[in-house]
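What follows is one structure encoded as structure tokens, with my remarks underneath.
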Amino acid sequence: MSTVTAPAKAEAEIPDIELVEVTKRYGNATALTSLSLEIEPGEFLVLLGPSGCGKSTILKIIAGLEDATEGDVYIRGRLANYVPPKARDVAMVFQNYALYPHMTV
Amino acid sequence: MFRPRPAGQAGPAITILSYAVTALVALACSLPLFYIVSTSLKEQQLLFTYPPNWIPSHLYWGNYSSLLFTTPFLRWVLNTLVVAASVTLIKVLIDSMAGYAFAKMKFPFRNALFVIVIMTMMIPFSAILIPLYFTIFNLNLLNTYWALILPPLANPIGIFLMRGFIEGLPSDLENAARLDGVSEFGIYLRIILPLVRPGLVVLAVLTFLTQYNSFVWPLVAVNDQSMQLITTGLATQRSVWQVNYGIFSAGAVMALVPIVAFFLLLQKQFVAASLAGALKQ
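So the protein lines, in turn, are chains C and Z. For the first sequence, numbering that gives the first Met the number 0 gives the first residue as 0, with consecutive numbering after it. For the second sequence, numbering that gives the first Met the number 0 gives the first residue as 0, with consecutive numbering after it.
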């Protein structure tokens with residue numbers, strides 16, 4: 000597929016989001032074990048699995064709402080483990096639309 | 000023709016009986032109040048006639064005038080309102096903050112700290128009355144508003160209550176705000192507080208009523224006539240030899256006015272539906 004403005008090669012090779020050996024534990028319960036994952040720019044990725052398998056945990060770790068117990072999260076090539084949610088420039092839609100009943104548009 | 004009664008609908012006998020019981024209970028509850036109003040409008044020598052005179056033949060306003068003009072009653076009302084309102088405002092603020100921290104924030108020893116806070120509820124007030132008196136005495140705060148306002152703030156029931164209310168809010172609401180870069184205090188102020196308004200009202204009413212009726216601690220902490228609350232001020236009107244029930248009753252009737260006004264003011268909030276439409280499942 001041809002692109003009008005081809006990005007520099009080095010830039011194109013950096014995945015948009017990269018998880019390296021990410022483990023998440025809540026107390027004694029382990030939600031994720033050494034998960035490694037790369038998502039390329041423009042890639043459409045679906046996480047599929049039974050409930051409780053850690054899909055939402057992955058999303059929360061990428062968004063910065065949860066910290067990974069072990070492992071690293073890279074967003075656009077930058078280590079993002081300690082970047083607050085706002086600074087990650089990541090959007091997330093919650094399973095239940097979180098609408099504030101006391102606010103108007 | 001016999002037609003079976005729909006399920007859940009009581010028969011006429013049950014209906015009549017339940018109305019009768021309700022009416023009896025209502026009467027039993029309102030009689031003392033009526034008797035206080037009636038007593039406040041009677042002269043001293045008519046108080047103990049037999050059979051009791053429920054409706055005085057002529058209305059005697061002397062009890063009210065002697066309470067208003069021979070005692071600093073209006074000052075007591077002012078003191079009570081200042082103390083109750085301050086305690087209520089501060090308590091609603093700090094208890095909701097503590098409740099938010101205990102319900103939603105993650106920090107070490109959170110549950111242990113909460114248990115310690117709740118355990119202070121189990122200490123009877125009479126056990127800390129004297130140490131508390133000496134604390135306030137050493138701080139030089141006896142006979143001041145601070146003596147009446149500070150100690151009730153430490154009561155943890157509000158933290159317990161607010162934690163329960165805030166824990167019930169879905170975490171998605173805060174997380175959505177967090178993604179947009181709202182600070183932790185901003186989440187408390189702009190997301191949590193408006194959503195737990197019914198809880199805040201419950202806490203406010205509870206605190207205000209408790210303060211309005213409080214007696215033992217104000218009796219100990221304050222002895223200036225001008226610093227008395229309604230409850231303790233009325234108690235000072237009792238001498239060793241004689242209790243003027245007419246003046247007591249007039250004071251009780253007048254003390255009802257602010258509290259009834261307060262209740263009517265906040266009544267609508269009790270039934271406010273807070274979370275309707277917050278989450279679409």
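Ideal Cβ placement from N, Cα and C applies to all residues, glycine included.
8 Å contact criterion, which residue 59(Z) and residue 42(Z) should meet: CB distance rounded: 5 Å
Assigned exposure category for residue 17(C) - 16 Cβ within 10 Å defines buried: buried
Whole-angstrom distance between residue 95(C) and residue 279(Z), CA atom to CA atom: Residue placement at residue 279(Z) is poorly supported in this model, since its pLDDT is 47, which falls under 50; the coordinates still yield a value, given next. So the alpha carbons of these two residues sit roughly 6 Å apart.
CA nearest to the CA of residue 198(Z), picked from 168(Z), 180(Z), 119(Z): 168(Z)
Span of the beta strand (DSSP E) around residue 41(Z): Careful: residue 41(Z) lies outside any beta strand (DSSP E) and carries neither H nor E.
Residue 40(C) to residue 30(C) span [Cα, whole Å]: 27 Å
Residue 178(C) (DSSP reduced to helix, strand or coil): For residue 178(C) there is no data in the structure shown, the boundaries of chain C being 0 and 104.
Residue burial classification, residue 173(Z) (beta-carbon count within 10 angstroms, cutoff 16): buried
Ranges of the alpha helix (DSSP H) found wholly within the segment 74-139 of chain Z, counting only runs of at least 4: 109-118, 124-137
Span of the alpha helix (DSSP H) around residue 144(Z): 144-152
Assigned secondary structure, residue 215(Z) (DSSP; H/G/I helix, E/B strand, else coil): helix
Chain-ordered neighbours of residue 84(C) on chain A, where CB pairs are closer than 9 Å: Of the protein chains in the structure, C and Z, none is chain A.
Own chain partners of residue 42(C) with C-beta closer than 8 Å, once the 5 adjacent residues on each side are dropped: 15
Where the segment 47-67 of chain C meets chain Z: residues whose CB sits under 9 Å from a CB there: 59, 62, 63, 64
Beta-carbon contacts of residue 80(Z) that lie in its chain and below 8 Å, excluding the five residues immediately before and after: 257
Interface flag, residue 194(Z) vs chain C, CB-CB below 8 Å: yes
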